[in-house]
Amino acid sequence: MLTFAEAEKRIEDFLTGQMPQALRAVDYELPSFDAESGETDLQTAARAQVEIRHVRGAADAAYLVQAFGDELLMQLQLNVHRLVAVYRVPALDALDASTLAVRLDRWRIGAEHAGWQFGWRDALIMRDPVRRYVETYCYAFAGPDFLESEQQQLYWRTDIVQMTRYYMLEAARIGIALSPRRAGFPV
């Protein structure tokens, strides 16, 4: 059983150490079929850029993941073993929660297989009430021993990376711009 202080330290490490490094692999360069097997490792091939915003001691962090010529604002909350990933997309060109939910249905089905549940909402920006985001909420429960289990951390960390990767790829496929900065939104 972890002490309170150790649990806080492991949450902090997951949010600020493991996740930013893992999110770099949202986009990676595949080696050619001519390359030797095992010649390229993921950390070397990773090409996504990740910016992080976090307040020490808080159970969440915000990431700006730059990949595939776009960038996605994501917030990850970790409450001991409950995970909540929130993707924020600028509400442009009549995009709203119900429209985004329909357009990302194929992505949602895939992520549900891994244990995620979903919700969508239109969210106003406090500092800029004229603009709004469309938010995709992704909820999951890891095992109660998540903070002590490297295998569970690997599973959920990898799944968050894959979920983020395919969110971005699916958005590009259907023509949804993700970047809050390009839309002139506060970040």
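Following this note's numbering, the numbering of the sequence shown begins with 1 at its first residue and continues without gaps.
Think of the CB as a built atom: it goes at the ideal place given N, C-alpha and C, for glycine as much as any other residue.
Within the same chain, show all residues whose beta-carbon is closer than 8 Å to that of residue i, passing over the 5 residues directly before and after it, in chain order.
i      : result
Ile125 : Arg131, Arg132, Tyr133, Phe185, Pro186
Looking only at C-alpha atoms, which of the options sits nearest to residue i?
i      : options                        : result
Leu188 : Leu15, Ile176, Val50           : Outside the displayed span of the chain (1 to 187) sits residue 188, for which this structure offers no information.
His81  : Ala123, Trp107, Gly143, Arg182 : Gly143
Pro180 : Phe14, Gln66, Asp105           : Gln66
Thr44  : Arg56, Ala22, Leu64            : Ala22
Leu100 : Gly57, His54, Trp156, Tyr137   : Tyr137
Ala183 : Met168, Glu71, Glu29           : Glu71
Ala59  : Glu8, Thr158, Pro20            : Glu8
Val55  : Thr16, Glu36, Asp27, Ala35     : Thr16
Trp116 : Ala94, Asp145, Ser98, Thr164   : Thr164
Met168 : Ile11, Glu36, Leu64, Pro20     : Leu64
Gly57  : Arg10, Gln18, Leu83, Ser98     : Arg10
Met19  : Leu83, Glu36, Phe68            : Leu83
Glu135 : Asp145, Ala35, Phe146, Ser98   : Ser98
Going by beta carbon distance, what residues of the same chain come within less than 6 Å of residue i, once the five residues before and after it are set aside?
i      : result
Arg103 : Ile174
Ala25  : Leu42, Ala46, Val161
Pro31  : Thr40
Leu178 : Asp70, Leu72, Val89, Ala171
Arg53  : Ala62
If we ignore side chains and look at the alpha-carbon of each, how far apart do residue i and residue j end up?
i      : j      : result
Glu118 : Arg88  : It is Phe, not Glu, that sits at residue 118 in the sequence shown. If I take the Cα positions, the gap works out to 14 Å.
Ala140 : Asp105 : 18 Å
Glu6   : Ala172 : 40 Å
Phe33  : Thr3   : 49 Å
Tyr166 : Met1   : 36 Å
Asp159 : Asp27  : 14 Å
Tyr155 : Ala94  : 36 Å
Glu29  : Glu12  : 29 Å
Could you give the C-beta distance for residue i and residue j, rounded to a whole number, given that I count them as a contact under 8 Å?
i      : j      : result
Leu73  : Ala85  : The pair is not a contact, with the Cβ atoms about 11 Å apart (cut-off 8 Å).
Asp96  : Asp122 : 5 Å
Trp107 : Glu170 : 5 Å
For residue i, which residues of its own chain have a beta-carbon under 7 Å away from its beta-carbon, when the five flanking residues on both sides are left out?
i     : result
Phe14 : Leu78, Gln153
Using a beta-carbon distance below 7 Å, is residue i in contact with chain B?
i     : result
Arg53 : Absent here is chain B; the protein component of the structure consists of one chain.
Give a yes or no on contact between the stretch 133-150 and the stretch 42-53, applying the rule of three or more CB pairs nearer than 8 Å.
Too few Cβ pairs lie closer than 8 Å, so no.
Tell me whether the stretch 66-81 and the stretch 110-127 touch, counting them as touching only if at least three CB pairs, one residue from each stretch, are closer than 8 Å.
The answer is no - the stretch 110-127 does not touch the stretch 66-81, with fewer than three Cβ pairs under 8 Å.
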